[in-house]
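In what follows, a single structure is set out as structure tokens and then discussed.
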Amino acid sequence: MVRQAMAVDLSDLMELARSRQQRAKPIAKPKESIAAPVDKAAVLAMVDQLEAEDEAAQKQSILVIAHSEDVASWTAAILEWLQTTLLSVSIAELSDSLEMPWIEVWLGVLFGGFQLEQRGTFYESPIWVKCSDDQAMTLRQDGQLEAGKLGLAE
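Counting along the sequence shown from 1, when you hit position 89 you're at 166 in my numbering, and nothing is skipped either side.
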């Protein structure tokens, strides 16, 4: 014979929980308020002053950032490097070859008018860069590259 279930009554072994008394929270004495009526004109003058200081600080930080970025030299470096390649190159390879941070390569590519190409799926494949047709024609006219190297037809 196999026992499949068993019930045990443990109620005789358990104690009733003691009821807890809640502690009374001490009532704080009311303090005098430091809030007071303020003249509307004084508040508006203070807000205008804070906005002017904030605007001046923002302008200064924008100028510092703008002067530290040299997109023209990044674009020139990318164009110079692309002159040595046959067709197109991935952004990662371009960044490694130029020893430039990704953000500088991206800004140089985007503002430089280069052609971007996506091969394969959106999230898994790199983005490829090559000279635009206008850049290739300029290089060909300067005698720096043949049109065939950049994949252009005569």
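Here a beta-carbon is modelled for each residue, glycine too, at the ideal position from N, C-alpha and C.
Small disclaimer: the values here were computed from a predicted structure and weren't measured.
Shown here, residue 135 sits in a helix according to DSSP, grouped into three states. Annotated three-state conformation of residue 186 is helix, per DSSP.
Residue 145 counts as exposed, since fewer than 16 other beta carbons sit within 10 angstroms of its beta carbon. Annotation for residue 193: the continuous beta strand (DSSP E) segment containing it runs 192-195.
By the criterion of at least three beta-carbon pairs nearer than 8 Å, the region 156-174 is in contact with the region 197-206.
Pairing residue 175 with residue 182 gives a Cβ-Cβ distance under 8 Å. A distance below 8 Å separates the beta carbons of residue 185 and residue 151. If the five residues before and after residue 189 are omitted, its C-beta is found closer than 7 Å to the C-beta atoms of 152, 155 and 156, all from its own chain and listed in chain order. Here residue 167 is bridged, per DSSP, to 205.
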